[in-house]
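Participant: Mind having a look at this structure? Questions to follow.
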Amino acid sequence: MSLRERWGSRSAFVMAAIGSAVGLGNVWRYPYVVYKSGGGAFLIPFLVALLTAGIPLMILEYWLGQRAQAGAPQSLKKTHKNFEWVGWWALMAALILTFYYAVVMSWCFNYLYYAWSLPEWSPNAKDFFFAKVLQVSSGPFDFGEFPYVAWPVVMGLAISWISVYLIICKGVARVGKVVLITVPLPVILLLILVIRGMTLDGSGEGLKFFLEPNFAALKDPTIWLSAYGQVFFSLSLGFGTLIAYASYTPKNSDITNNAFIVSLADCGISYMAGFAIFSTLGYLAFSQGLPVQDVVSKGPGLAFIVYPTALSLMPLGAILAVLFFIMLLTLGIDSLFSMVEGVIAGVHDKWGFSKGKLVGLYCIFAFMMGLLFASKAGLYWLDIIDHFVTEYTLLLVGLFQCVAVGWFSNISQARQEINKQSDFSLGIWWELCIKYIAPVILVAILGSSLYQELQKPYEGYPSQALAIGVAMTASAFLAGWLFASLKGRHHE
Ligand code: TRP
173 MSLRERWGSR SAFVMAAIGS AVGLGNVWRY PYVVYKSGGG AFLIPFLVAL
223 LTAGIPLMIL EYWLGQRAQA GAPQSLKKTH KNFEWVGWWA LMAALILTFY
273 YAVVMSWCFN YLYYAWSLPE WSPNAKDFFF AKVLQVSSGP FDFGEFPYVA
323 WPVVMGLAIS WISVYLIICK GVARVGKVVL ITVPLPVILL LILVIRGMTL
373 DGSGEGLKFF LEPNFAALKD PTIWLSAYGQ VFFSLSLGFG TLIAYASYTP
423 KNSDITNNAF IVSLADCGIS YMAGFAIFST LGYLAFSQGL PVQDVVSKGP
473 GLAFIVYPTA LSLMPLGAIL AVLFFIMLLT LGIDSLFSMV EGVIAGVHDK
523 WGFSKGKLVG LYCIFAFMMG LLFASKAGLY WLDIIDHFVT EYTLLLVGLF
573 QCVAVGWFSN ISQARQEINK QSDFSLGIWW ELCIKYIAPV ILVAILGSSL
623 YQELQKPYEG YPSQALAIGV AMTASAFLAG WLFASLKGRH HE
């Protein structure tokens, strides 16, 4: 058997895992969830979610990958022969996610280019984003005029995939070096934006929305569910990515401490991002004489419209915008290539094709699939598919992982093994979390999302479009079964 690839050092693994976890979600999702969910009081459900599901599952994924020395499918198969498909399902979902995550990176590349002329377009930032850069059409089935795609986005997409190719084609040794830049750099840039934000007029008013606790909100169960959803997404669980990364660590390396380091770093960065975003929103509201509620937003609207508008009102705004988009790019790229690495690891382990070639094929294929999201109807498709992948698939995979280990294999033995090689020991609580707490909560979140789904169509999209979204998401599941049933090189 050929030797498995290795990270250069323990810290290379930790850095890469942090790079995977810390992504756009920390900046454009976390602050908004906090604002929506009780402000400062949200820290309580968030920390509870982190301790009862986030960290336990991260430990579980690290252990799975490290023990099997293989990607998600083979690792899950090792716990129980009937669970290989869960691993493939995770990878298929990750594959779909990369199709559009790379498109978001493409927007960032475009904005890095446009940031220099911020004062020219910022008065119409909204039009600029929708009409000029994305060239958005009237709905998901309207692809506009020939050539149906927005060229700037296609070009950015090509740059994204070329970058990913160059970073991972030579294996994780190079990844270990790249993350030495792509992890600390965005943190430094974020710190600059925090300091800039906090020294602006009106920042205090904005921060109130992020920090002032509303304890009454904690009585609402949906807030607890959104805390779990956020933790799950933010830690990059349920896509097989961490399993693959952990499989490149030697068998006896620490698990528990690494999981705590990575999770806490991720949370710390999310918390910091809250200061950068809300102080700046406070300033924007102050400058425009609006209440803060009127300027709050999340996702692409925050990153590509509202935040740049706020920056344009400051001295040296264009420079800050350049820093902001470099931050988004360096935040996102290591999340993107970690997902790709997870998928490649699964295929390579099963069939043994050359990794360099697989990466090349992957990038070309994902670029082509990305054209759907770079089309003039792309934003709609991105929104729909992201909704189904992140609100269902990710959580379902997590659920099955807990079930596979908690119920179909010997979890007490797993805990002993983990404890033997980790810096500090896990108590029985870990078993309880994996066996009972996390599964119950995951089922509750899934149930509540499904309930809302049936109440009203997501974002009012036409039902055919939503049906296609469901079909794409379900095809990941079917492809998972298919891949699991194919014969691998060892003909097991
Ligand atoms: N955690 C990433 C973020 O905060 C997003 C993400 C979710 C992810 N699942 C993932 C990244 C799996 C890599 C792998 O933006």
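If you read the sequence shown in our numbering, its first letter stands for residue 173, the second for the next number, and so on. Idealized CB from N, CA, C, for every residue including glycine.
Using a threshold of 8 angstroms, is the CB atom of M264 nearer than that to any non-hydrogen atom of ligand 1?
Facilitator: Position 92 of the sequence shown, counting from 1, holds the residue named residue 264. M264: no, Cβ never under 8 angstroms from ligand 1.
Participant: Roughly how many angstroms lie between the CA atoms of A418 and A189, to the nearest whole one?
Facilitator: Locating residue 418 in the sequence shown gives position 246, counting from the first residue. Locating residue 189 in the sequence shown gives position 17, counting from the first residue. One C-alpha to the other measures close to 9 angstroms.
Participant: Rounded to a whole number of angstroms, what is the C-alpha to C-alpha distance between L175 and R239?
Facilitator: Counted from its first residue, the sequence shown places residue 175 at position 3. Counted from its first residue, the sequence shown places residue 239 at position 67. Distance between the alpha carbons of L175 and R239 is about 15 angstroms.
Participant: Tell me whether V321 sits in a helix, a strand or coil according to DSSP, three-state version.
Facilitator: In the sequence shown, residue 321 corresponds to position 149, counting from 1. V321 falls in the strand class under three-state DSSP.
Participant: Quick one: what's got a C-beta closer than 8 angstroms to I340's C-beta in the same chain, skipping five residues either side?
Facilitator: If you number the sequence shown from 1, residue 340 lands on position 168. The residues are R346, V347, F509, V512, E513, I516, V531.
Participant: Got a sec, what are the start and stop residues for the alpha helix (DSSP H) A188 sits in?
Facilitator: Sequence index remark: in the sequence shown, residue 188 carries index 16 (1-based). Segment 182-193, the alpha helix (DSSP H) holding A188.
Participant: So, for K298: in the same chain, excluding its five sequence neighbours on each side, which residues have a beta-carbon less than 6 angstroms away from its beta-carbon?
Facilitator: Stepping through the sequence shown from its first residue, residue 298 is reached at position 126. These residues qualify, in order along the chain: I477.
Participant: Measure the alpha-carbon distance for Y140 versus D506 and round it to whole angstroms.
Facilitator: The displayed coordinates of the chain run from 173 to 664. Any statement about residue 140 would go beyond what the structure contains.
Participant: Decide if Q246 is buried, meaning its Cβ has at least 16 other Cβ atoms within 10 Å, or exposed.
Facilitator: Here residue 246 corresponds to residue number 74 of the sequence shown, with the count starting at 1. Buried, by the Cβ-count rule.
Participant: Within 8 angstroms, do at least three Cβ pairs link the stretch 632-639 to the stretch 551-566?
Facilitator: yes
Participant: Should D438 be labelled buried (16 or more other beta-carbon atoms within 10 Å of its own) or exposed?
Facilitator: As a working mapping, residue 438 is identified with position 266 in the sequence shown. Counting other Cβ atoms within 10 Å of its Cβ, D438 reaches 16 or more and is therefore classed as buried.
Participant: Roughly how many angstroms lie between the CA atoms of S547 and M327, to the nearest whole one?
Facilitator: Indexing the sequence shown from 1 puts residue 547 at position 375. Indexing the sequence shown from 1 puts residue 327 at position 155. Taking the straight line joining both Cα atoms gives about 12 angstroms.
Participant: Just to confirm, is the Cβ distance from V494 to L357 under 9 angstroms?
Facilitator: Here residue 494 is taken as the residue at index 322 of the sequence shown, counted from 1. Here residue 357 is taken as the residue at index 185 of the sequence shown, counted from 1. Their beta carbons are not under 9 angstroms apart, which means V494 does not touch L357 by this criterion.
Participant: Opposite P385 in the DSSP bridges: which residues?
Facilitator: On the sequence shown, position 213 is the one that residue 385 refers to. G211, per the DSSP bridge assignment.
Participant: Which partner residues of S547 appear in the DSSP bridge assignment?
Facilitator: Here residue 547 refers to the residue found at position 375 when the sequence shown is read from its first residue. Its beta-bridge partners are V321.
Participant: Between F404 and A265, is the Cβ-Cβ spacing less than 9 angstroms?
Facilitator: Position 232 of the sequence shown, counted from the start, is the residue given in the question as residue 404. Position 93 of the sequence shown, counted from the start, is the residue given in the question as residue 265. For F404 and A265, no; Cβs fall outside 9 angstroms.
Participant: Going by alpha carbons, who is nearest to K208 out of S425, F301, E384?
Facilitator: For the purposes of this step, residue 208 is taken as residue 36 along the sequence shown, with counting starting at 1. Nearest of S425, F301, E384 to K208, Cα basis: E384.
Participant: Could you check whether G454 and V464 sit closer than 9 angstroms to each other, using their CB atoms as the reference points?
Facilitator: In the sequence shown, residue 464 corresponds to position 292, counting from 1. In the sequence shown, residue 454 corresponds to position 282, counting from 1. G454 sits close to V464, with the two beta carbons spaced by under 9 angstroms.
Participant: Short check: CB of F580 to CB of T645, under 9 angstroms?
Facilitator: Mapped onto the sequence shown, residue 580 falls at position 408. Mapped onto the sequence shown, residue 645 falls at position 473. Contact flag unset, no.
Participant: Is it the case that the stretch 222-237 contacts the stretch 422-431, given that we only count it when at least three CB pairs across the two stretches are under 8 angstroms?
Facilitator: The stretch 422-431 vs the stretch 222-237: in contact.
Participant: Using a threshold of 8 angstroms, is the CB atom of V194 nearer than that to any non-hydrogen atom of ligand 1?
Facilitator: For the purposes of this step, residue 194 is taken as residue 22 along the sequence shown, with counting starting at 1. V194: yes, Cβ under 8 angstroms from ligand 1.
Participant: Can you tell me where the alpha helix (DSSP H) holding W601 begins and where it ends?
Facilitator: Against the sequence shown, residue 601 aligns to sequence position 429. Note, W601: alpha helix (DSSP H), 600-604.
Participant: At a threshold of 8 angstroms, does S183 count as lining ligand 1 (C-beta to nearest heavy atom)?
Facilitator: In the sequence shown, residue 183 corresponds to position 11, counting from 1. S183: no, Cβ never under 8 angstroms from ligand 1.
Participant: With 16 as the cutoff for other CB atoms within 10 Å, does L626 come out buried or exposed?
Facilitator: Numbered from 1 along the sequence shown, position 454 holds the residue referred to as residue 626. Exposed, since its Cβ has fewer than 16 Cβ neighbours within 10 Å.
Participant: Counting only beta-carbon separations shorter than 9 angstroms, does Q636 have a partner in chain B?
Facilitator: Of the protein chains in the structure, only one exists, and it is not chain B.
Participant: Taking 8 angstroms as the limit between beta carbons, can you name the residues of its chain near G191, skipping five residues before and five after?
Facilitator: Within the sequence shown, the letter at position 19 stands for residue 191. Once the five neighbours on either side are set aside, the close Cβ partners of G191 are V351, T354, V355, D506, S507, S510.
Participant: With contact counted as at least three CB pairs below 8 angstroms, one residue from each stretch, are the stretch 590-606 and the stretch 218-230 in contact?
Facilitator: Touching, yes, given that three or more Cβ pairs across the two stretches are closer than 8 angstroms.
Participant: I'd like to check one pair, Q588 with K423: are the Cβ atoms closer than 9 angstroms?
Facilitator: Mapped onto the sequence shown, residue 423 falls at position 251. Mapped onto the sequence shown, residue 588 falls at position 416. Contact: no.
Participant: Please classify V612 as buried or exposed, where buried requires at least 16 neighbouring CB atoms within 10 angstroms.
Facilitator: For the purposes of this step, residue 612 is taken as residue 440 along the sequence shown, with counting starting at 1. Exposed, since its Cβ has fewer than 16 Cβ neighbours within 10 Å.
Participant: Does the beta-carbon of I666 have 16 or more other beta-carbons within 10 angstroms, so that it is buried, or is it exposed?
Facilitator: The chain is shown only over 173 to 664; residue 666 falls outside these bounds and no answer can be derived.
Participant: Using only the heavy atoms of ligand 1, determine whether one of them is closer than 8 angstroms to the beta carbon of R176.
Facilitator: The count along the sequence shown starts at 1 and reaches residue 176 at position 4. False, no ligand heavy atom lies under 8 angstroms from that Cβ.
Participant: Would you list, in sequence order, the uninterrupted alpha helix (DSSP H) runs of no fewer than 4 residues that lie entirely inside the stretch 353-416?
Facilitator: For the stretch 353-416, the continuous alpha helix (DSSP H) assignments of 4+ residues that do not extend past its boundaries occur at 356-370, 375-383, 393-406, in sequence order.
Participant: Which of the three DSSP states, helix, strand or coil, is assigned to S332?
Facilitator: As a first step, residue 332 is located in the sequence shown; it is residue number 160 there, counting from the start. Here S332 sits in helix by DSSP.
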